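The structure under discussion appears below in the form of structure tokens.
Numbering (this note's numbering), first residue to last: 3 to 85.
Next up, the structure:
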């Protein structure tokens with residue numbers, strides 16, 4: 003399937019996550035509403051080049067479920083659960 007692997011991940015509050023882009027296209031991992039492709043500014047990798055890794059991105063400290071998507075390809079979605 004297309005998308006992020008794993009599609010869902012659970013982390014500690016304030017954890018740092020690195021996204022590894024193993025695709026031949028630019029992508030982002032941008033928190034917000036995938037249905038409307040609206041970022042909510044909780045976290046964002048910025049553009050991650052083909053076969054590149056993002057910088058470490060600090061997750062929110064507020065527990066909850068955070069959806070994210072690729073701003074270039076909003077059908078690519080994932081979620082981070084902060085505990």
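A virtual CB, placed ideally from N, CA and C, is assigned to each residue, including glycine. None of the values given here were measured: they were computed from a predicted structure.
Residue 65 versus residue 33: straight-line alpha-carbon distance, rounded: Residue mapping note: residue 65 aligns to position 63 of the chain shown, counting from 1. Residue mapping note: residue 33 aligns to position 31 of the chain shown, counting from 1. Cα-Cα distance, rounded: 14 Å.
Cross-strand partners of residue 71 (DSSP beta bridge): The count along the chain shown starts at 1 and reaches residue 71 at position 69. In the DSSP output, where bridge partners are listed per residue, residue 71 has 32, 79.
Beta-carbon gap between residue 59 and residue 31 smaller than 9 Å: As a first step, residue 59 must be located in the chain shown, where it is residue number 57. As a first step, residue 31 must be located in the chain shown, where it is residue number 29. The answer is yes: Cβ separation under 9 Å.
First through last residue of the beta strand (DSSP E) which encompasses residue 41: For the purposes of this step, residue 41 is taken as residue 39 along the chain shown, with counting starting at 1. Run containing residue 41: 40-46, per the beta strand (DSSP E) assignment.
Option in 23, 72, 54 with minimal Cα separation from residue 45: On the chain shown, position 43 is the one that residue 45 refers to. Considering only alpha carbons, the answer is 72.
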